[in-house]
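Chemist:
Protein chains in written order, with the working numbering: chain A, 2 to 456; chain B, 2 to 456.
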């Protein structure tokens, strides 16, 4: 490459998951970022091109070295965030779901009619997620056009790759009077306007921030709304996000209303596309899995949230084995932790509960479901490249042509529970320890599309 | 009280759990600590004695005010820690339990024959637990007398209330050749010597550090060892710790060896006393619960560890409802997080999995176990006063006559995921948010027996 095309090169230890279940640790590797923020080259000592790149970068004064206790990881991808619920994080988790929604969530979301309130919350949220290493986030905003635009603008301004949806919800039978789209027509019109405005934001020519067609979930929408959003999705090629078979109630509601599953119903409305992400999917069956795979649609697995509000654990092992595209989601605020690393460990933990079962009164053979566990490798995949695949974005791996979205994890941060013993820990151990005990203080630097946004 | 008996008084917002399921939030309360490190008085504005205490403390220059964003909580109690496994934290969790033990844990524990190695690890561990707010910890050390003494000395030196056991394990059929007591006689003799040495440590007249009789678990011990340790427990009144019905394998092994459960077997050896703490107890039945309650014995509930290695979730709700004394344990390193606050949220999370079940292929009514959830109140109880009860120590509440073991949680720490919205969060919300998102940086100060050991 030419010197003026090189933005910078980094030398250090890279850890990423190039394929499901595989972790690659590249020591003393050189990674070149081009002037467009893409990865131009990844090369290892002794390989062709290493010495040339080293020389080129050094001569240009663009060679940076990570310290021996720092690790470069792909940026974390959060495929499911309810941005307006941010102040509710960790609150009222002792309440039943219905009360949680009616007494806390909907009244809170309604407050985003006030764009100043939105500004205050969304700034705090985006800053916090970036601090935790989330380089890409797929957000639900609220029904409000102005506040939803604020979220898009704030992400762009803070440099976070974001997919943002103005929420569509117009079903008077399921949504409170004080918080729903006035009509399907209004909701569709606002969605269309939101898409235009996001794509037209000054500074967004590179499409760092993308609009998302966002039917909240089937119960919250009328047929007219679902039909209209499906047509919009088909015509625009825009991303889509919604909830799918999250819990017993929702799953049963849709079966009752349409005589078929969420997955088949959404597909019938044209809402399953390669740009769609379905949150949760705990109760999808084998046929649903085939449809989702065939549609090239992604899944947002939200392990912490699921243990509170989904009545079951998503069968991640099965979904990955069948070739589905699965990323991780915090599901703020049903998931009470803003970190994707935390959800990495929760994905492993939840899968262990699924495999072994939980009820000690049952004999072992009736308690669990053999062969359903995942380990830190699959969890790390979902947190990075799997999330990228689910979103249809080239992020999450250190591969030429992918965007340089990355974090530096410093295992030597002061006042941290992440403790590496040099004489006892190998590379796999270090990654596993990062997943279990790194926190935002260990995340020293964050880049999105080659731009450093933390550190 | 007299001025010279007052060590200091603190004014601020106190949060504690005076009873199971109850959270008390005392605003602008005054708490007096006497020169022995006990709580001498807790009084609220307008109550008798408030003005007098305020005046007394102020005149003596011993009145300290917490900031409005700081909360005084009881120190956290960790009832189950394997100290030598500290370097293994977060490692090899993808391996089967047998491999985890044989390839990682036992070889690591064997290294503590080297007291210098022990010193290095144990200093780091005690410092880390204190930084995370653990004011009392019940530790398993290893079979080695010298290294176990180092752990006791380090805790005393760092000011942490500790209960430390030299591990007894002599069964050649279950313990590796390179890591077991040479004989039951040797193990018993070393245990006796260890007890004496701990109680005789210079500076330990106040018994901040206590020795614990520690049969690793039934499978690791011969009958002679269990019998001998039971007699020692009965004669000495010393604390006892062991594992009880942790997983399917252990539970079945004991049933096979003795024709009765762990609980009944341990009781038969005289090992169930009011000073005993049984770790895990996932598979105890109703009769076991009655025996444990009758013996006034405590339970260490280790929710994170259980989801990896115990094959089931401990029925905390049922145990608490039946009046059992239950504390929380990290179970380092089978539990991959050193924080009791983290285990607080995991106790809630695990109970939700137990209540709702985990397998989406089952109908809801067969999937879960109704009425088994706990919430943050019970979890906070177990993390503080419940742990104190289980250990038979007067710690974990802000009550006159209890030791002043406490932490200050600062909700305004920089670079933290704990975010309080003053206009939206009440006292319960704040405690719940602390449990879900506070970390060691929020724990600004730590006291044990009135002595400040952090901050």
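The beta-carbon is built from N, C-alpha and C at its ideal position, and this holds for glycine as well.
This one's a predicted model, so the numbers in the text were calculated from it and none came from an experiment.
Whole angstroms is fine: what's the gap from residue 249 of chain B's alpha carbon to residue 365 of chain A's?
Modeler: Position 248 of the second chain, counted from the first residue, corresponds to residue 249 of chain B. Position 364 of the first chain, counted from the first residue, corresponds to residue 365 of chain A. Each residue's Cα considered, the two are about 7 angstroms apart.
Chemist: Identify each residue in the stretch 128-147 of chain A for which the Cβ-Cβ distance to at least one residue of chain B is less than 9 angstroms, and report them in chain order.
Modeler: For the stretch 128-147 of chain A, which is checked against every Cβ of chain B, the residues closer than 9 angstroms are 129, 132, 133.
Chemist: Under 8 angstroms between the Cβ atoms of residue 391 of chain B and residue 324 of chain B?
Modeler: In the second chain, the residue the question calls residue 391 of chain B occupies position 390. In the second chain, the residue the question calls residue 324 of chain B occupies position 323. For residue 391 of chain B and residue 324 of chain B, no; Cβs fall outside 8 angstroms.
Chemist: Alpha carbon to alpha carbon, how far is residue 81 of chain B from residue 138 of chain B? Give it in angstroms, no decimals.
Modeler: Position 137 of the second chain, counted from the start, is the residue given in the question as residue 138 of chain B. Position 80 of the second chain, counted from the start, is the residue given in the question as residue 81 of chain B. Cα to Cα, residue 138 of chain B sits roughly 7 angstroms from residue 81 of chain B.
Chemist: Output the distance between the C-alpha atoms of residue 213 of chain A and residue 194 of chain A, rounded to the nearest integer angstrom.
Modeler: Within the first chain, the letter at position 212 stands for residue 213 of chain A. Within the first chain, the letter at position 193 stands for residue 194 of chain A. Those two C-alpha atoms are separated by around 12 angstroms.
Chemist: Excluding the 5 residues flanking residue 36 of chain A on each side, which residues of the same chain have their C-beta closer than 6 angstroms to its C-beta?
Modeler: Along the first chain, one-based indexing puts residue 36 of chain A at 35. Contacts found: 6, 8.
Chemist: When you compare each of A/268, A/304, A/339, A/382 to residue 295 of chain A by their alpha carbons, which one comes out closest?
Modeler: Against the first chain, residue 295 of chain A aligns to sequence position 294. Out of A/268, A/304, A/339, A/382, A/268 has the C-alpha closest to the C-alpha of residue 295 of chain A.
Chemist: For residue 292 of chain A, name the three-state secondary structure that DSSP assigns.
Modeler: Counting from 1 along the first chain, the entry for residue 292 of chain A is found at position 291. Residue 292 of chain A falls in the helix class under three-state DSSP.
Chemist: For residue 195 of chain A, would you say it is in contact with chain B, using Cβ-to-Cβ distances shorter than 8 angstroms as the test?
Modeler: Within the first chain, numbered from 1, the residue matching residue 195 of chain A stands at position 194. No, because no Cβ of chain B sits closer than 8 angstroms to the Cβ of residue 195 of chain A.
Chemist: Going along the stretch 388-419 of chain B in order, which residues come within less than 9 angstroms of chain A, judged by CB to CB distance?
Modeler: Residues passing the 9 angstroms Cβ filter: 416, 417, 418, 419.
Chemist: Identify the contact partners of residue 150 of chain B in chain A, using a Cβ-Cβ distance below 9 angstroms as the criterion.
Modeler: As a first step, residue 150 of chain B must be located in the second chain, where it is residue number 149. None at all; the shortest Cβ gap to chain A is about 23 angstroms.
Chemist: Compare the C-beta of residue 377 of chain B against all C-beta atoms of chain A and say whether one is closer than 8 angstroms.
Modeler: For the purposes of this step, residue 377 of chain B is taken as the residue at position 376 of the second chain. Closer than 8 angstroms to some Cβ of chain A, the Cβ of residue 377 of chain B qualifies, so yes.
Chemist: Can you grab the Cα-Cα spacing for the pair residue 27 of chain A / residue 435 of chain A, in whole Å?
Modeler: Position 26 of the first chain, counted from the first residue, corresponds to residue 27 of chain A. Position 434 of the first chain, counted from the first residue, corresponds to residue 435 of chain A. Cα to Cα, the separation comes out at about 16 angstroms.
Chemist: Quick one: using the 10 Å Cβ neighbour count with 16 as the cut-off for buried, is residue 236 of chain A buried or exposed?
Modeler: As a working note, residue 236 of chain A is residue 235 in the first chain. The residue is exposed, with fewer than 16 neighbouring Cβ atoms inside 10 Å.
Chemist: So, helix, strand or coil for residue 378 of chain B, using DSSP?
Modeler: Reading the second chain from its first residue, position 377 is the one you call residue 378 of chain B. In the structure shown, residue 378 of chain B sits in a helix (DSSP, three-state: H, G or I).
Chemist: Determine, using beta carbons only, whether residue 161 of chain B and residue 143 of chain B come nearer to each other than 8 angstroms.
Modeler: One-based indexing of the second chain puts residue 161 of chain B at position 160. One-based indexing of the second chain puts residue 143 of chain B at position 142. No; because the gap between Cβ atoms is not below 8 angstroms, this pair is not in contact.
Chemist: Between residue 106 of chain B and chain A, is any beta-carbon pair separated by less than 8 angstroms?
Modeler: Translated into positions along the second chain, residue 106 of chain B becomes position 105. By this cut-off, residue 106 of chain B is not an interface position.
Chemist: Which of the three DSSP states, helix, strand or coil, is assigned to residue 394 of chain B?
Modeler: Numbered from its first residue, the second chain carries residue 394 of chain B at position 393. The answer is coil: DSSP assigns residue 394 of chain B none of H, G, I, E or B.
Chemist: Report the option in B/337, B/71, B/371, B/445 whose CA atom is closest to the CA atom of residue 319 of chain B.
Modeler: Here the question's residue 319 of chain B lines up with position 318 in the second chain. Cα-wise, what sits closest to residue 319 of chain B is B/371.
Chemist: So which of B/405, B/185, B/209, B/414 has the shortest CA-CA distance to residue 41 of chain B?
Modeler: Counting from 1 along the second chain, the entry for residue 41 of chain B is found at position 40. Of B/405, B/185, B/209, B/414, the residue nearest in Cα terms is B/405.
Chemist: Could you pull out every residue in the same chain whose Cβ sits closer than 8 angstroms to the Cβ of residue 402 of chain B, ignoring the five residues on either side in sequence?
Modeler: Numbered from 1 along the second chain, position 401 holds the residue referred to as residue 402 of chain B. Correct list, in chain order: 39, 40, 395.
Chemist: What does a CB cutoff of less than 7 angstroms around residue 228 of chain A pick up in its chain, not counting 5 residues either side in sequence?
Modeler: For the purposes of this step, residue 228 of chain A is taken as residue 227 along the first chain, with counting starting at 1. Hits under 7 angstroms: 270.
Chemist: Residue 450 of chain A: buried (16+ other C-beta within 10 angstroms of its C-beta) or exposed?
Modeler: The residue labelled residue 450 of chain A in the question sits at position 449 within the first chain. Answer is buried; the Cβ neighbour count reaches 16.
Chemist: Hey, quick one: how far does the alpha helix (DSSP H) through residue 84 of chain A stretch, first residue to last?
Modeler: Walking along the first chain from the start, residue 84 of chain A turns up at place 83. Run containing residue 84 of chain A: none; DSSP gives neither H nor E here.
Chemist: Can you tell me whether residue 108 of chain B is helix, strand or coil according to DSSP?
Modeler: Your numbering for residue 108 of chain B matches position 107 in the second chain. If DSSP states are grouped into helix, strand and coil, residue 108 of chain B belongs with the helices.
Chemist: Any idea which residues DSSP pairs residue 27 of chain B with across the strands?
Modeler: Here residue 27 of chain B is taken as the residue at index 26 of the second chain, counted from 1. Per DSSP, B/15.
Chemist: In chain A, what lies closer than 7 angstroms to residue 95 of chain B by C-beta?
Modeler: Working through the second chain from its first residue, we reach residue 95 of chain B at position 94. Correct list: 376, 377.
Chemist: Which same chain residues, not among the five before or five after residue 439 of chain A, have their C-beta less than 7 angstroms away from its C-beta?
Modeler: If you number the first chain from 1, residue 439 of chain A lands on position 438. Cβ within range, chain order: 342, 410, 419.
Chemist: Strictly under 8 angstroms for the Cβ-Cβ distance: is residue 329 of chain A near chain B by that measure?
Modeler: Taking the first residue of the first chain as 1, we reach residue 329 of chain A at position 328. No, its Cβ sits nowhere closer than 8 angstroms to a Cβ of chain B.
Chemist: If residue 284 of chain B and residue 252 of chain B are in contact, beta carbons under 8 angstroms, what's the gap, nearest whole angstrom?
Modeler: As a first step, residue 284 of chain B is located in the second chain; it is residue number 283 there, counting from the start. As a first step, residue 252 of chain B is located in the second chain; it is residue number 251 there, counting from the start. At roughly 4 angstroms, the Cβ-Cβ gap stays under 8 angstroms, so residue 284 of chain B and residue 252 of chain B are in contact.
Chemist: On the DSSP bridge list, what partners appear for residue 212 of chain B?
Modeler: Numbered from its first residue, the second chain carries residue 212 of chain B at position 211. BP columns for residue 212 of chain B point to B/165.
Chemist: Beta carbons nearer than 7 angstroms to chain A: which residues of the stretch 237-263 of chain B have them?
Modeler: Residues passing the 7 angstroms Cβ filter: 249.
Chemist: Taking the alpha-carbon positions, what's the residue 350 of chain B to residue 308 of chain B distance?
Modeler: The residue you call residue 350 of chain B lines up with position 349 of the second chain. The residue you call residue 308 of chain B lines up with position 307 of the second chain. If I take the Cα positions, the gap works out to 11 angstroms.
Chemist: Give, in chain order, every unbroken run of the beta strand (DSSP E) that is at least 3 residues long and sits entirely within the stretch 132-158 of chain A.
Modeler: The stretch 132-158 of chain A contains these whole beta strand (DSSP E) runs: 135-141.
Chemist: For residue 71 of chain A, which of helix, strand or coil comes out of DSSP?
Modeler: Numbered from its first residue, the first chain carries residue 71 of chain A at position 70. Three-state DSSP puts residue 71 of chain A in a strand.
Chemist: As a quick exercise: from B/73, B/31, B/246, B/378, pick the residue whose alpha carbon is nearest that of residue 53 of chain B.
Modeler: Against the second chain, residue 53 of chain B aligns to sequence position 52. Out of B/73, B/31, B/246, B/378, B/31 has the C-alpha closest to the C-alpha of residue 53 of chain B.
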